[in-house]
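Worksheet: one structure, shown below.
Protein chains: 2
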Amino acid sequence: MINSGNLALFTDLYELTMGQSYFESWNVKASFELFVRRLPPNRGYLIAAGLEDVCNYLLKFRFEEDDLEFLRRREFKEEFLDFLRGIRFTGDVWALPEGELVFPNEPIIRVTAPIIEAQIFETFIINAVNFQTLIATKASRIVNSAKNRPIIDFGSRRAHGVDAGLKAARASYIGGCIGTSNVLAGKIYNIPIFGTMAHSYIEAFPSEKEAFKTWIKSWGTDTVLLVDTYDTLRGVKNAIEAVEELTGRNELKGIRMDSGDMVTLSREARRILNAAGFLSTKIFVSGGLDEYVIDEYLSRDAEIDVFGVGSSLVTSDDAPKIDIVYKLVESEENGKLTPRMKIAENEKVTLPGAKQVFRIEENGKYRKDAIGLFDEELEGEKKLVQIFRNGELVYKLPSLDEIREKARTELQKLPEEYKRIRNPATYPVEISRKLLELTNKLRTSLV
Amino acid sequence: MINSGNLALFTDLYELTMGQSYFESWNVKASFELFVRRLPPNRGYLIAAGLEDVCNYLLKFRFEEDDLEFLRRREFKEEFLDFLRGIRFTGDVWALPEGELVFPNEPIIRVTAPIIEAQIFETFIINAVNFQTLIATKASRIVNSAKNRPIIDFGSRRAHGVDAGLKAARASYIGGCIGTSNVLAGKIYNIPIFGTMAHSYIEAFPSEKEAFKTWIKSWGTDTVLLVDTYDTLRGVKNAIEAVEELTGRNELKGIRMDSGDMVTLSREARRILNAAGFLSTKIFVSGGLDEYVIDEYLSRDAEIDVFGVGSSLVTSDDAPKIDIVYKLVESEENGKLTPRMKIAENEKVTLPGAKQVFRIEENGKYRKDAIGLFDEELEGEKKLVQIFRNGELVYKLPSLDEIREKARTELQKLPEEYKRIRNPATYPVEISRKLLELTNKLRTSLV
């Protein structure tokens, strides 16, 4: 797999400079929790994704000699480099499984480990969960806007690098897409792959109809012909004629349109196809789509059966980042993990201590969540499960299809008002009385 | 290096389905040009970046047996798979070197090769150039807004995957950042790396001053102390006291603030530092920055010396994608490369034929560009240079520092009105008379 190489140095320098200082003072045990401070604009929920990459990273984590040599030239001390040479992940991890819903302030992942380890992992853990969560969520919004019509990820070329192209394919499959155009993602993740032809194919031939005929000779009629290279409706007619002239039948899997007034063109194309007896031919649309555009097209009765969504999906362009952080919540004091928090004049206050998320269901729908201390017993289903114990993976990683199904069923339980693509309602997340008391006590002692 | 692995399958499925069809009909020679249809919002220029990755990709391109096995299971034919087994890049490439300015419709890269090859490369080439161009451009805007104060890339954790974190560090260095927090990027690209401590470090100690003292014992005073964990101005005083108590001197490289009202706090912090004799101590600011925020801070006389910019830089969050495409401009007809174009009812018309960019300078400033046919001789400097000839790299890849210097000098030649961070003027790009005539002739023949 791509990026399975050594990523120990994929970390911010301060994790290592802090590491050396802890090494020389106290490498205490500590817990960090990954959580979202607030939801991105127009989001009423997030879908957790990225945990599998975090697990693989922790399992393989180690510094190689050339990493240490690089650090040696950056004035790190020999004793600390010796320590790094032997470092492996030895801690505990609790997490929300992939496909679960996430709301603000809820721990997504908690890492408990000697503080040097836990800090070095910060950069990668945030990177992995931020991006896939962003894209799984964006995909679910697009799927929702399409009212169950299939969505295919067409975004590899505009994703932010190769790794993003692959992970976007995985995350958008979790969020409900039926597959991707990216062949390597199909190979790595065993996701269905889709695609037929580009405009350049049509242009490479003397005429559009000749291009269609050559194509059908190679691939048959269980294929999708791109009809908008020159004149879209003439393209539909050329597609029909090419099929009829070569096969004498009126069977073709689909046509695709990538430009123009999709509402009018799709309705006209449907009419032309139906009149020629191509009743089962699907209309695929791509080009500049997102949940807002799809919602508009369908509200205007566009005749579209399948959507290919690219740039907007893989960059989550209306919200390309999540305010996601990894904060110290406990550290060892006299041999015991003790709650910690950050408090500044501004609003960046964190909830101290190791926490659990309790989700309360009523009549098959989620009603509210509570965030409590980890050892509290509150109403609702406990959402964080153990992933690592003493450095050992104790969690069976689900298959991608299981994760996708989890996301689907969880979204079904979430009432509609939280899933609106614009101005969704705010899902209630309560803080338990004990956690509030602890927060207030610590706040008072620190100020 | 990361992602140097086999990326032949990092392509959209349609590139391969078209490939099989070309294989069975005519694998003619063709030229594709990569260009930007329009600039993203608030951009008056782009800085080309990503060519080095394209070169490395083309040099290493090949299908491995397990790639072919994957395609075999997807119903590709054995003869075509045999052909793919032997495929190598055999074509010509002309390109704008990295660091050059780019305007709409100007070819950034032209690939001339048998059409199967040229198509398979499309996905990776767009992916590589889109992202790094986006980030180099964003970085240059941020550097510009900071009026030559240093900018450091702090974005790895919010970049879209690992590859994006690394490439963003490279591209933002091209765009004028002085370095990155990402250690692996520092190692791979030999970019300066920066970073000291996080809030968690301060919180792990019983008091802020004790944390500072422990830090100084590890790292001395040529370091940056993070002062906003509890109360920013008290943090500044604690930093001063920690230095004075341990060293008896008033020397400290910097303090960093990551939250709060940066204008007021930075001015107060400067006053406190100066009053204590810490005149050379720099004020570093991070947290929620971009070119718009930095411009506002400085217009309100914030006392900030260095900026660390994260999420907005590495996601180019106000414009996370470029409308960049790779279009057929020529294909072989009777053994000769003949101009091609796409023309539909909408505006997605492409300029046909192989092209060159001519940039006209007057008194040390760029005045306008012309796009002409490749063999035209027009006024101005020809910007596309040859990179590959018959599959062989004939271009000496410049060092990253040379690319960065190129971007700096090119930006200096671009008049200010095109560099405004909001509503920049439109740089004039003319189409040569011959190219216009060809476009009109082809349009007429196609419609």
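Top to bottom, those sequences are chains X and B.
The first sequence begins at 14 in our numbering and counts up by one.
The second sequence begins at 14 in our numbering and counts up by one.
Just so you know, even glycine gets a beta-carbon here, dropped at the ideal spot from N, CA and C.
As the structure is a prediction and not an experimental result, all values here were calculated from the model.
Would you grab the beta carbon distance between residue i and residue j for me? Rounded to a whole angstrom, and I think it's under 8 Å.
i, j, result
"Ala177(B)", "Phe144(B)", "7 Å"
"Ile122(B)", "Val67(B)", "7 Å"
"Gly112(B)", "Ala61(B)", "7 Å"
"Lys378(B)", "Pro441(B)", "Not a contact, Cβ separation roughly 13 Å."
"Phe45(B)", "Lys340(B)", "6 Å"
"Thr452(X)", "Pro365(X)", "6 Å"
Report the neighbours of residue i on chain X: residues whose CB is nearer than 7 Å to its CB, in chain order.
i, result
"Gly208(B)", "Asp25, Leu26, Tyr27, Thr30"
"Pro333(B)", "Thr328, Asp330, Pro333"
"Ser185(B)", "Result: empty, since nearest Cβ-Cβ is about 13 Å, beyond 7 Å."
"Ile128(B)", "Ala217"
Below 7 Å on C-beta distance, what does residue i contact in chain B?
i, result
"Leu341(X)", "Ser213, Glu216, Ala217"
"Thr150(X)", "Here the premise fails: no neighbours, minimum Cβ distance about 14 Å."
Alpha carbon to alpha carbon, how far is residue j from residue i? Give it in angstroms, no decimals.
i, j, result
"Arg284(X)", "Ile296(X)", "11 Å"
"Leu292(X)", "Val175(X)", "39 Å"
"Ser17(X)", "Leu72(X)", "With a pLDDT of 47 at Ser17(X), under the threshold of 50, the modelled position of this residue cannot be trusted, and the question is left open."
"Phe96(B)", "Asn195(X)", "21 Å"
"Gly32(X)", "Asp105(B)", "49 Å"
"Asn436(B)", "Ala159(B)", "18 Å"
"Asp241(B)", "Phe207(B)", "19 Å"
"Ser312(X)", "Ser299(X)", "17 Å"
"Ile15(X)", "Gly404(B)", "Because the pLDDT of Ile15(X) is 43, which lies under 50, any placement of that residue in the model is unreliable, and the number read from its coordinates should be weighed accordingly. Rounded to whole angstroms, Ile15(X) to Gly404(B) spans 26 Å at the Cα level."
"Ile337(B)", "Gly323(X)", "13 Å"
"Leu114(B)", "Ala108(B)", "12 Å"
"Leu238(B)", "Glu254(B)", "12 Å"
"Gly57(X)", "Phe89(B)", "43 Å"
"Pro219(B)", "Glu389(X)", "27 Å"
"Arg85(B)", "Leu22(B)", "13 Å"
"Ile317(B)", "Leu246(B)", "15 Å"
"Thr363(X)", "Lys355(X)", "6 Å"
"Arg101(B)", "Ala131(B)", "11 Å"
"His212(B)", "Lys222(B)", "13 Å"
"Leu449(X)", "Arg50(X)", "17 Å"
"Ile373(B)", "Leu406(B)", "28 Å"
"Phe76(X)", "Ala182(B)", "21 Å"
"Arg280(B)", "Ala315(B)", "6 Å"
"Asp235(B)", "Ile268(B)", "11 Å"
"Leu20(B)", "Phe134(B)", "10 Å"
"Ala438(B)", "Tyr431(B)", "5 Å"
"Asn40(B)", "Ala367(B)", "19 Å"
"Gly189(B)", "Val156(B)", "6 Å"
"Glu119(B)", "Leu350(B)", "20 Å"
Since residue i is in the alpha helix (DSSP H), which residue starts that stretch and which ends it?
i, result
"Glu281(X)", "275 to 288"
"Lys381(X)", "Not the alpha helix (DSSP H): Lys381(X) falls in the beta strand (DSSP E), residues 378 to 386."
"Asp308(B)", "304 to 312"
"Arg421(X)", "413 to 426"
"Tyr214(X)", "212 to 216"
"Ser299(X)", "Ser299(X) -> not in any alpha helix (DSSP H); beta strand (DSSP E) instead, spanning 295 to 299."
"Phe102(B)", "No alpha helix (DSSP H) contains Phe102(B), which DSSP labels as neither H nor E."
"Ile139(B)", "135 to 158"
"Thr351(B)", "Unbroken run through Thr351(B) is the beta strand (DSSP E), 349 to 352; no alpha helix (DSSP H)."
"Gly248(B)", "245 to 260"
"Ile229(B)", "221 to 232"
Residues of chain X with a CB under 9 Å from the CB of residue i: which are they?
i, result
"Asn195(B)", "Leu22, Phe23, Thr24, Asp25, Leu26, Thr136"
If I follow the unbroken beta strand (DSSP E) through residue i, where does it start and stop?
i, result
"Lys180(B)", "Lys180(B) -> not in any beta strand (DSSP E); alpha helix (DSSP H) instead, spanning 175 to 187."
"Val398(B)", "398 to 402"
"Glu345(B)", "337 to 346"
"Arg123(X)", "122 to 127"
"Lys368(B)", "368 to 375"
"Arg269(X)", "267 to 270"
"Leu326(X)", "Counting along the chain, Leu326(X) falls outside any beta strand (DSSP E), though it belongs to the alpha helix (DSSP H) covering 324 to 328."
In chain B, what lies closer than 9 Å to residue i by C-beta?
i, result
"Gln33(X)", "Ser231, Trp232"
"Ile307(X)", "What Ile307(X) touches in chain B: nothing, since even the nearest Cβ is about 17 Å away."
"Asn140(X)", "Ser169, Arg170, Arg171, Ala172, His173, Gly174, Val175, Ala177, Gly178"
Give the interface partners of residue i over in chain X, defined as CB-CB distance under 8 Å, in chain order.
i, result
"Ala43(B)", "Ser213, Ala217"
"Asn143(B)", "Arg170, Arg171"
"Ser279(B)", "Those within 8 Å of Ser279(B) in chain X number zero; the least Cβ separation is about 14 Å."
Problem - Segments assigned beta strand (DSSP E), at least 3 residues, entirely inside the segment 26 to 93 of chain B - result: 42 to 49
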